[in-house]
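From first to last, the protein sequence lines stand for chains A and B. Numbering-wise (our numbering), the first sequence opens with residue 35 and increments by one. Numbering-wise (our numbering), the second sequence opens with residue 35 and increments by one. For every residue, glycine included, the Cβ atom is placed at its ideal position computed from N, Cα and C. The block underneath contains the structure these notes are about, expressed in structure tokens.
Number of protein chains: 2
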Amino acid sequence: MPPRVVGVAVLGLGTIGSEVVRTIQAQRDLIEAASGYRLELRKVLERGPQRAARADLSPDLIVTDLDTILRDNDVDVVVGTLGGDQPAAEYLQRSLEAGMHVVTANKEALAKHLRRLVEVAHQHQRALLFEASVGGGIPLMAAYRQLLLTNRIDRIRGIVNGTTNYMLWQMAEQGWSYQQALAEAQRLGYAEPDPTADVEGFDAVYKLAILASMMLGRHILPDTIDRTGITGVSADQIAQARAQGGTIKLIASAVRNGNDASLRVAPEVISNSELLSHINANFNAVEITGDRVGPILLSGQGAGPLPTASAIVSDIVEAMRDGKNATIPLLS
Amino acid sequence: MPPRVVGVAVLGLGTIGSEVVRTIQAQRDLIEAASGYRLELRKVLERGPQRAARADLSPDLIVTDLDTILRDNDVDVVVGTLGGDQPAAEYLQRSLEAGMHVVTANKEALAKHLRRLVEVAHQHQRALLFEASVGGGIPLMAAYRQLLLTNRIDRIRGIVNGTTNYMLWQMAEQGWSYQQALAEAQRLGYAEPDPTADVEGFDAVYKLAILASMMLGRHILPDTIDRTGITGVSADQIAQARAQGGTIKLIASAVRNGNDASLRVAPEVISNSELLSHINANFNAVEITGDRVGPILLSGQGAGPLPTASAIVSDIVEAMRDGKNATIPLLS
């Protein structure tokens, strides 16, 4: 059987977008052997000439406006690797409206506009997939969506931000202060120069909003979620938790209460008898409890360009395979 | 959009088959809301009149020969919940040949006949799915198959037998002998009256054969896998492991070596710094290491009728959604 060729456009050559481009080029044969689909890069949206030059791509692949991509009949899937809310969210919506499948890692745009984006995907009978938005390369959405088919999800508890997990882990292991741990995380490139999104819990809130929306079947807006970051966690508190047989972790949790759920992101003392207490370094883990399967835990390195790009490529294949059926059900 | 109706036949009303029947009946609306498919039970193959009576099904659903099912044009998916090698494997093959999708939890039949079954599924353009065969309700295959799309899998290490994990855990926690732990596992229904398949590692070998075949792209026959069970594990060895900061677990492992892999099932001392050492009671866990995503761990309650039936129902939906594309690639 000849492979089915898939035209891919990538929006933004940041760290993730560049790695998606490299993955498509370097892994083409492996992906084709495993899936039957041959991925071809058709267009890349990038307005920064330096980034475009660094990517080592044929210049005719680079475009600076979205419309050129939306008019290209050879593009089947748009990969949204721009960060932030706007224009990223608008670009995702317009891509769906133009009849393209959309794959994205942008948790902020999803968390804020999930209901609308899912609705547009259904209207235009296209796939909207976002495996890479939570847990990076962990095949979390694949697992979660399978569980959702036959379970009422009663609880979710996750360590979904690798930066803060690394910092809390080093504070516990090395006895460091918050400031020391932050400096080290920044030195390693785990934390941004402005670490607010991670350390104040915004990143975790976006991810929880996505998971909770799927759990409850309605759009949970991120600003309705209780949020406490880790800036107030002291070395003393960590030592005290340890003396009591526990570890402090930044936990994103959704606990069902009828058709509702209590939602929060906050540091919690996790007993050493729980698997979540043993999730170290910059790893992520999510525990999903279904009424039929009980607690299921998935863990792995949550971030990094390589795992994230892998998750995006898996979504491209799934979009082609399942089409509109791959999109989550409409949210109320 | 009206739901798409799916005709299901179940082969065998053992513990798992009965629970599949109950799940289809009790969860129909939830499954339909989540998937768009409405499952309808069309036929059940069961030769034991008592089991058939206990299932509380309309008598015209019960048949005693496979041909009646294979001739039924309203059956889309056959669920193979008969255990053992034959006739279970032959029934799976004949169902595929008759143009039906096949979903099964039978790890022994799969491990011994995977190449042939996959080949027949491809020839007849049907789905062959087996999420429930390894790790029960853990969405392991969904996750593993996503990883396989974009990763070379370099290593698999798993606790894939809940009975022996329960026994080793109790030996460590209670200081019990092997015989005491076996008696308690039998009392709880975790171990069979004849526990050979679990304690001698056959069950784990079947599961590893399936995982390793997918890792290497060729059929790994179970009798080519090194196998040591837990009958020789003493309370002394467990105490010694603990004194050294470790725990004895029955580990199924596949470690890649070029295009080959060393494969074995054997008790191993696992350091307490590893997540696998904290998988307790009758839980299962599998750690899959890809060259791009690094180590991914999935854990959960591996067995039990409820989780296993959930996994089977998810596979039914996937078979309908993806059809022949859901079948793993041909094995050499």
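**Q.** Straight-line Cα distance separating residue 256 of chain B from residue 166 of chain B
**A.** Within the second sequence, the letter at position 132 stands for residue 166 of chain B. Within the second sequence, the letter at position 222 stands for residue 256 of chain B. Each residue's Cα considered, the two are about 18 Å apart.
**Q.** Residue-level contact to chain B via CB, residue 359 of chain A, 9 Å cutoff
**A.** Against the first sequence, residue 359 of chain A aligns to sequence position 325. At least one chain B Cβ lies under 9 Å of residue 359 of chain A.
Q. Taking Cβ to Cβ, would you say residue 97 of chain B is nearer than 9 Å to residue 79 of chain B?
A. As a first step, residue 97 of chain B is located in the second sequence; it is residue number 63 there, counting from the start. As a first step, residue 79 of chain B is located in the second sequence; it is residue number 45 there, counting from the start. Closer than 9 Å, so yes.
Q: Could you name the residues of chain A that residue 347 of chain B contacts, counting a contact when the two beta carbons are closer than 8 Å?
A: The residue given as residue 347 of chain B occupies position 313 in the second sequence. Near residue 347 of chain B (Cβ distances below 8 Å), the residues of chain A are 183 and 184.
Q: Under 7 Å between beta-carbons, which chain A residues line up against residue 312 of chain B? List them in chain order, please.
A: On the second sequence, position 278 is the one that residue 312 of chain B refers to. Within chain A, the residues near residue 312 of chain B are 309 and 312.
Q. Any Cβ of chain B within less than 9 Å of the Cβ of residue 64 of chain A?
A. Residue mapping note: residue 64 of chain A aligns to position 30 of the first sequence, counting from 1. Chain B contact via Cβ: present.
Q: Check each residue of the region 322 to 342 of chain B: if its Cβ is closer than 7 Å to any Cβ of chain A, include it; give the result in chain order.
A: 326, 327, 328, 329, 330, 331, 332, 333, 334, 335, 340 and 341
Q) In three-state DSSP terms, what is residue 288 of chain B? A) Counting from 1 along the second sequence, the entry for residue 288 of chain B is found at position 254. It is a strand residue.
Q: With 9 Å as the limit, tell me which residues of the region 47 to 61 of chain A have their beta carbon closer than that to any beta carbon of chain B; keep them in chain order.
A: 57 and 61
Q: Scan the region 116 to 134 of chain A for residues whose Cβ lies nearer than 8 Å to a Cβ of chain B and list them as they occur along the chain.
A: none
Q: Taking a Cβ distance cut-off of 9 Å, strictly less, list which residues of the region 213 to 242 of chain A are near chain B, in chain order.
A: none
Q: Let me know the secondary structure DSSP gives residue 253 of chain B once reduced to three states.
A: As a working mapping, residue 253 of chain B is identified with position 219 in the second sequence. DSSP places residue 253 of chain B in coil when its eight states are reduced to three.
(Q) Please tell me whether residue 208 of chain A has its Cβ less than 9 Å away from any Cβ of chain B. (A) Residue 208 of chain A sits at position 174 when you count from the first residue of the first sequence. Cβ-Cβ to chain B under 9 Å: no for residue 208 of chain A.
Q | Which residues DSSP lists as bridging residue 335 of chain B, in chain order | A | Residue numbering aside, residue 335 of chain B sits at position 301 when the second sequence is read from its first letter. B:317.
Q) Listing by chain order, which chain A residues have their CB less than 7 Å from the CB of residue 351 of chain B? A) Position 317 of the second sequence, counting from 1, holds the residue named residue 351 of chain B. Within chain A, the residues near residue 351 of chain B are 183.
(Q) Please state the DSSP three-state secondary structure of residue 346 of chain A. (A) Looking up residue 346 of chain A in the first sequence gives position 312. It is helical.
Q: Please name the residue, chosen from A:195, A:128 and A:64, that lies closest to residue 151 of chain A on a Cα-to-Cα basis.
A: On the first sequence, position 117 is the one that residue 151 of chain A refers to. It is A:128 whose Cα lies nearest to the Cα of residue 151 of chain A.
**Q.** Residues of its chain near residue 247 of chain B, where Cβ-Cβ distance is below 7 Å and the 5 sequence neighbours each way are ignored
**A.** By one-based count along the second sequence, residue 247 of chain B stands at place 213. Once the five neighbours on either side are set aside, the close Cβ partners of residue 247 of chain B are 148, 253, 254 and 365.
(Q) Let me see if you follow: with CB-CB separation under 9 Å, is residue 180 of chain A close to chain B or not? (A) Locating residue 180 of chain A in the first sequence gives position 146, counting from the first residue. Chain B contact via Cβ: present.
Q: State the Cα-Cα distance for the pair residue 298 of chain A and residue 195 of chain A, rounded to the nearest angstrom.
A: For this step, residue 298 of chain A is matched to residue 264 along the first sequence. For this step, residue 195 of chain A is matched to residue 161 along the first sequence. So the two alpha carbons sit approximately 14 Å from each other.
Q: Tell me, please, which residues DSSP counts as bridged to residue 281 of chain A.
A: Counted from its first residue, the first sequence places residue 281 of chain A at position 247. According to DSSP, which records beta bridges pairwise, residue 281 of chain A is partnered with A:304.
**Q.** Residues near residue 171 of chain A in its chain [Cβ-Cβ closer than 8 Å; skip 5 each side]
**A.** One-based indexing of the first sequence puts residue 171 of chain A at position 137. Taken in chain order, the residues that qualify are 334, 335, 336, 338, 340, 341, 342, 344 and 345.
Q | Rounded Cβ spacing between residue 290 of chain A and residue 185 of chain A (contact assumed at less than 8 Å) | A | Along the first sequence, one-based indexing puts residue 290 of chain A at 256. Along the first sequence, one-based indexing puts residue 185 of chain A at 151. At roughly 11 Å, the Cβ-Cβ gap does not stay under 8 Å, so residue 290 of chain A and residue 185 of chain A are not in contact.
Q. Enumerated in chain order, which unbroken segments of the beta strand (DSSP E) with a length of 3 residues or greater are wholly contained in the region 174 to 231 of chain B?
A. 187 to 193
Q: Pull out every residue of the region 155 to 176 of chain B whose Cβ sits closer than 7 Å to any Cβ of chain A, in chain order.
A: 171, 172, 173 and 176
**Q.** Collapsed DSSP secondary structure at residue 99 of chain B in the structure displayed
**A.** In the second sequence, counting from the first residue as 1, residue 99 of chain B sits at position 65. Here residue 99 of chain B sits in coil by DSSP.
Q) Listing by chain order, which chain B residues have their CB less than 8 Å from the CB of residue 356 of chain A? A) Position 322 of the first sequence, counted from the first residue, corresponds to residue 356 of chain A. The answer, in chain order, is 355 and 356.
Q. Would you say the region 42 to 54 of chain B touches the region 350 to 365 of chain A, given that touching needs at least three Cβ pairs under 8 Å?
A. no
Q. Taking contact to mean at least 3 C-beta pairs separated by less than 8 Å, is the region 174 to 192 of chain B in contact with the region 267 to 286 of chain B?
A. yes
(Q) If distances are taken between C-alpha atoms only, which option among A:85, A:215, A:95 and A:258 comes closest to residue 264 of chain A? (A) The residue labelled residue 264 of chain A in the question sits at position 230 within the first sequence. Among A:85, A:215, A:95 and A:258, the Cα nearest to that of residue 264 of chain A belongs to A:215.
Q: Mark residue 39 of chain B as exposed unless 16 or more other C-beta atoms lie within 10 angstroms of its C-beta, in which case mark it buried.
A: Reading the second sequence from its first residue, position 5 is the one you call residue 39 of chain B. Exposed, by the Cβ-count rule.
**Q.** Span of the alpha helix (DSSP H), counted from its first residue to its last, around residue 152 of chain A
**A.** Within the first sequence, numbered from 1, the residue matching residue 152 of chain A stands at position 118. 141 to 157 is the span of the alpha helix (DSSP H), which, as asked, contains residue 152 of chain A.
Q. Taking the alpha-carbon positions, what's the residue 313 of chain A to residue 108 of chain B distance?
A. Counted from its first residue, the first sequence places residue 313 of chain A at position 279. Counted from its first residue, the second sequence places residue 108 of chain B at position 74. Roughly 48 Å between the two C-alpha positions.
Q: Name the one or two DSSP bridge partners that residue 299 of chain B has.
A: The residue labelled residue 299 of chain B in the question sits at position 265 within the second sequence. Answer is B:261 and B:286.
(Q) In whole angstroms, give me the CA-to-CA distance for residue 267 of chain B and residue 200 of chain B. (A) Counted from its first residue, the second sequence places residue 267 of chain B at position 233. Counted from its first residue, the second sequence places residue 200 of chain B at position 166. Cα-Cα distance, rounded: 14 Å.
Q: Answer yes or no: does any C-beta atom of chain A fall closer than 9 Å to that of residue 68 of chain B?
A: Counting from 1 along the second sequence, the entry for residue 68 of chain B is found at position 34. Cβ-Cβ to chain A under 9 Å: yes for residue 68 of chain B.
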